[in-house]
Amino acid sequence: MKTGKLWRLNFLPRNDSRGRLMRWRSPQADPAPTPIQELVIELEGEGSGLGNRFEVLSTLGESCGVARTLEAVRASSSPTSSQGEAHASLEELQLFNQENATQAELPASFGEEAKQDPKDTQGADIKRKPMSEVKHLDEVRRRLKLDHGNSFLNGKVWCLWSGTLRLSFQEGEDQVVHGGLTFQSGETISVSAVYAKCTRVGRRPLWSCLEGFSRGRNEPWIIAGDFNVIASSEERRGGRPANGTNMDEFNSSMFTCGLSLVDFDGCPFTWTNGKIWQHLDRALINARWAAAYPVTRVSHLPRVWQGSGSGVGMQLFYSKLSSLRTQLRKWNKEEFGNNFARVQSAEVTYKQREAEFDSTGDVSSMTHLHEARAMYLREFVNGIGYVPPPTLPQELPRVSEEEDAGLRHLPDLEEIRAVVFAMDANSAPGPDGFGVGFYQQCWEIIKADLLGAVQDFFKGVQQPRGFSSALLVLIPKTEGACQWKDFRPISLCNTSSKIISKILANRLGSLQPKLISPWQTGFVPGRGIMDNILLAQELVLELDRKLTHPNLVLKLDMEKAYDRVEWPFLLFMLRSFGFSESSRGVRQGDPLSPALFLFAAEFLGRGLQQLGLNHKDRRFVSAGATVPYLAFADDTIIFTRCSEPSLTALHEFLLLYQKQSGQKVNTGKSTLLTPARMSEEHIRLVETTLGFYRQSFPIKYLGVPLVRGRMGTIVFDPLLAKLRARLFHWSSKLLKTALGGVGEAIFACKSWWQLRKNDSIWAGYMHSKYIKNSHPSIAVVDHLPASWRRLLAVRDFAERRIRWCLGKGIVDFWHDTWCGDLPLALVVGVANPPHALVAEFFTAHGWNVPRLKEWVPDFVVQRITNIRFFPEQDDAMVWVPSHNGDFSVASAWEDIRQRRHTSWIDRYSKGVALCSRCSCCHQAQETVSHLFLNGTVARTVWDHFLKMFGLLPVNAASVSAMLSHWFFSHSKVSPTHVRVLVPLLVLWFIWKSRNSIRFEAASFSPTQVISRVEEFLDQMGKSQAFSTTSFAGDRDCPWARFGGPCRWDKSVVPVTWEKPPPGWLKLNTDAGVLHGKAAGGGVLRDHCGKVCFAYYKEFGELDVLEAEAWSLLHGLQLCADRKVRALTVESDSKRMGASLHHIFREANSVADALASLQLGRQQYYISGAALPIRPRGEALLDRHGVPRIREVLTKA
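Sequential numbering of the sequence shown, starting at 1, is according to the working numbering.
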């Protein structure tokens, strides 16, 4: 589809002295060319009182072959009256520059006062081959509603006009037409239309003609058209580099003529063939024109949008969308064939299949329901059947008149643009077929018309038919859906209608935080779903309080919550909030629906709050603030007490809410959560009063399980299954996940940030329950629940990254970090400073220096006085690792990761990919293949042992491939063969060496790994662990000498702990490592076996031998503190040295039981009766001399 252009020059009367305005709209070339484009210049003149318009129209049509059109229109007005009114009369002249147009013989110049009949020119002789039929001239003239028309330049320029106009024309070199226009005031201007040739040589006569015309030119002169050349390389994109000679000749000629380029806005290119874009069409002016019309500008606009449509405002915008849809359908059919016919055929087939499926189901009841609902809405509009709502349970906050008017004020272009570009560009379009992507990509083209359409809505203009239409689509709720209830209907509305709804929703959203109760967090800006989940979990922990009327949690399930809200009730609630009346409703899926539902549901929230307001015995008892309910839209949990008055009042209020709002509580799905030891009498009371059934923990709330007591990993299995399914999708293959301790730490940091901001219901509850009157950074909690332990684990880490920017000064003077990088309590060294706020230390004139000197040293005072504060603003909390000061998961992730020095291999067993440098070469990225197979250390080690066994080097792609290479290297290899053992030992000692260099700063070399493997094989040989088959086929192996026949007999021997001699004490110690954490224990007993003391202590990340040593050292220190002199020490570790008495593990059972307690804290016991069950039992057996059984292997 070819492009076209319209160039228009408008002179508008101006009666002030503010200068003149010119605007020129020129053709633009988009990557997807449009059928017609236009260029318009508008000028506002002064003094003459005349309105004038000059147009250059260029079209490319396949039917008429019109290539370029130059239109000049002059509209004159009578002299300005004394009141400054202008009376315009229209005189028009139009010039058409064409290819394939009819050529008529005309003089070089004609009529000063031309009143010519077009019939006079139709009989002119045709001297050259016509470029198009003569009838096309009349077609264009009639289309433009002009009276006369002639052509120039062998038919490439047409002249059309109406009325009386003083003008003259002159042709030049078959590429330019010069026009002189004289106004009634005597003012004269020159306008030239250019249609340059495509070659450099062909354009040179044009440059000479323009230079000659410019000599002696004293009047304002403007020249516009297609110069077929660019002025700089920036005006070309794609293809080969621009020809410098062409640009130099054009720029040199324009400089000689004294012409300068007119600035433009819009697309920088005016021509394209789909691969190359160039700026070929332009306007130039001389110095006299610039002085007469100082504000002159070109605008590039697509004619396909600007020239179509009828009406104004919303009607015009919708008309243009319809016209554009027609053009795009035609283009799509020409380029891609009739896709719609194919889609329609597929749709017919689908409907036939759907009809076959529906033939077995009964949908008449659903149809009757829809008809009844439609009839009800019609009656409601006519004022029938309205029932006044009851008195509100509480007085509602109201919007001010200014806020209510703000909802209705006309939106500006910036507000509309923010809404459009905040929407998903890939969202599905509505019935008109124009999605959000179209509005974003074509914003510069359609923004003016879209602004008018949106403002028409707020003016109350009637919407065009189909403007707010929507497509209803069924989305399956579950896999394999086959019934109507298994589908969820969604509404795909037109984007133009959605933009209006989004504007209203955004405006309502700014008012919701002060109108909606704090316990409702759904769709309220600034509130999040995590507040509900965390707070619900905290309150569930309070269920088991011992009360006469126990705590009770009720989970409501509302049937079709959004669909059942009655319009009279909704309008009543909106009036109660102070909103004005509205006559327009919302459709299913409208962005306004959630906001409007919250206003209706506020009746329920305020009523639940009122039930316990004056009745303390109805309130849910907890250590924190009172929480009557939690809601996320329609998902509601009620916290109350199990007493007959409380349940009866709740039941009556729910019936009232259902009757007035149209909502319905689904008692079959609503559940109650009770304390663990709630009596059957109380349970029956709830079930008979409310009709809810009891549900046991865990339950799912907002997609997350709620658990009473300690959470096990099995609780989260369904959630993890969904997460794995999501991550398994192809688009998430490269997603880096943070599991385990890192992810938990990040979540805890985010929770601590929310706690410190204290702007949510969860943070407020945590402050009232745990922090109370203390500061969060020093708060001490006696009994640590899991939620507070998670926060406590990251408290110091997070507090070191939080800073405060002073505003009103409501910041703790001692414990908040607002002056430097540490709290002043640590800087000054004050242990228990008195509570004080920063605001207490500055006045209206600045810092109160004398008072500061009473509290802190002079060097701190100097630092404080250099800090600026802004009392008119709120204090701002800043997260230091983030670029904008707000907490972000990414910044916390990077900070925690750097602190832990975590690498890919460190988390390989958990499936987490965290990249870092290799520990052996410090160059490449550490991966499994690099560390174990291809790295410098690994390659040397493998080559050594492969050569030892006579194997060729191999480039294994994976560890399993390397193991397979060893296992299948010989026909006599068995599971106990040395060729199976060697590669496993190589992998193990590479891993051990790598961890040693990373965590212990040890060395890492190939020689070290090789020696460790060989030493281990020597020890196995000496312990006679090999058999003859271990070296089958490898009798030349260095360890084959250990492969002689050997047979072992198994025997059982009794082992008893021996008491120390009288006057002596015996210390038994032991240690172990579980999940990477080392812990030890010990017990001191006298000659009777009586326990003097025992201990349990954790040592962190150590190996077994180090843990044994630390456990022994700790026991000896305790003995030294008690001044124990006669002491015997026993351990079951042979590696502890010859100075200790070694015993078997079975005889060291008390210390072994202590070391395996896994208490999570240090613990001491001063008597045997205080020991846990297992160590206490083992100590009793030792005291009575009961032996243990030990199996012993002896060589036959």
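Idealized CB from N, CA, C, for every residue including glycine.
Annotation for residue 944: the continuous alpha helix (DSSP H) segment containing it runs 936-948. In the pairwise beta carbon analysis, the region 547-561 is classified as not touching the region 784-791: fewer than three pairs are separated by under 8 Å. For residue 395, the three-state secondary structure derived from DSSP is coil.
Residue 221 sits in a strand when the DSSP states are folded into three classes. Along the region 211-280, the beta strand (DSSP E) occurs as fully enclosed runs of 3 or more residues at 221-226, listed in sequence order. Using a Cβ-Cβ distance cut-off of 8 Å, the region 982-993 and the region 926-938 are in contact, since at least three pairs of beta carbons, one from each stretch, lie closer than that value. For residue 877, same chain residues with a beta-carbon under 7 Å away, outside a window of 5 residues either side, are 756, 757, 802 and 804 in chain order.
For residue 629, DSSP records a beta bridge to 638.
The region 1070-1132 contains, as complete alpha helix (DSSP H) runs of 4+ residues, the segments 1104-1121 (chain order). Taking all protein chains shown into account, residue 150 has 16 or more neighbouring C-beta atoms within 10 Å of its C-beta and is therefore buried. Between residue 257 and residue 211, the gap from beta carbon to beta carbon is short of 8 Å. Taken through DSSP and simplified to helix, strand or coil, residue 857 comes out as coil. Here the alpha carbons of residue 198 and residue 245 stand approximately 14 Å from one another. With a cut-off of 8 Å on Cβ pairs, the region 249-256 is in contact with the region 226-235, counting three or more such pairs. Counting along the chain, residue 1187 sits inside no beta strand (DSSP E), nor does DSSP assign it H or E at all. Between the region 537-556 and the region 605-615 there are fewer than three inter-stretch CB-CB distances shorter than 8 Å, so the stretches are not counted as touching.
Look at residue 743 here: in three-state DSSP terms it is helix.
If you look at residue 682, you'll find it in the alpha helix (DSSP H) that goes 680-690.
Under the three-state reduction of DSSP, residue 1166 is assigned to coil, being neither helix nor strand. Distance between residue 140 and residue 594, taken at the CA atoms: about 54 Å. Taking C-alpha positions only, residue 871 is separated from residue 807 by approximately 5 Å. 280 is the residue among 280, 187 and 267 whose C-alpha sits nearest the C-alpha of residue 195.
Along the region 524-578, the alpha helix (DSSP H) occurs as fully enclosed runs of 4 or more residues at 529-540 and 567-576, listed in sequence order. Looking only at 573, 1108 and 1080, the smallest Cα-Cα distance to residue 1159 is reached by 1080. If you compare the alpha carbons of 1084, 978, 776 and 1179 with that of residue 1149, the shortest gap goes to 1179.
If you draw a 10 Å sphere on the C-beta of residue 754, you find 16 or more other C-beta atoms in it, and that means buried. Beta-bridge analysis with DSSP links residue 491 to 472.
Counting C-beta atoms within 10 angstroms of its own C-beta, residue 1108 has 16 or more neighbours from the protein chains shown and is therefore classed as buried. Positions of the beta strand (DSSP E) runs, each at least 3 residues long and wholly inside the region 942-1022, cannot be given because no such run exists. Around the beta carbon of residue 1088, a 10 Å sphere encloses fewer than 16 other beta carbons of the protein chains shown; the residue is thus reported as exposed.
Secondary structure note for residue 1140: it is in no alpha helix (DSSP H), with a DSSP letter that is neither H nor E.
Non-local beta-carbon contacts of residue 838 in its own chain, meaning distances under 7 Å to residues more than five positions away in sequence, involve 806, 809, 811, 813 and 818 in chain order. Just measuring C-alpha positions, the residue of 640, 826, 792 and 630 sitting nearest residue 760 is 630.
Of 503, 472 and 499, the smallest CA-CA separation from residue 408 is found for 503. The region 637-652 and the region 545-559 touch, with three or more beta-carbon pairs separated by less than 8 Å. Shown here, residue 693 sits in a strand according to DSSP, grouped into three states.
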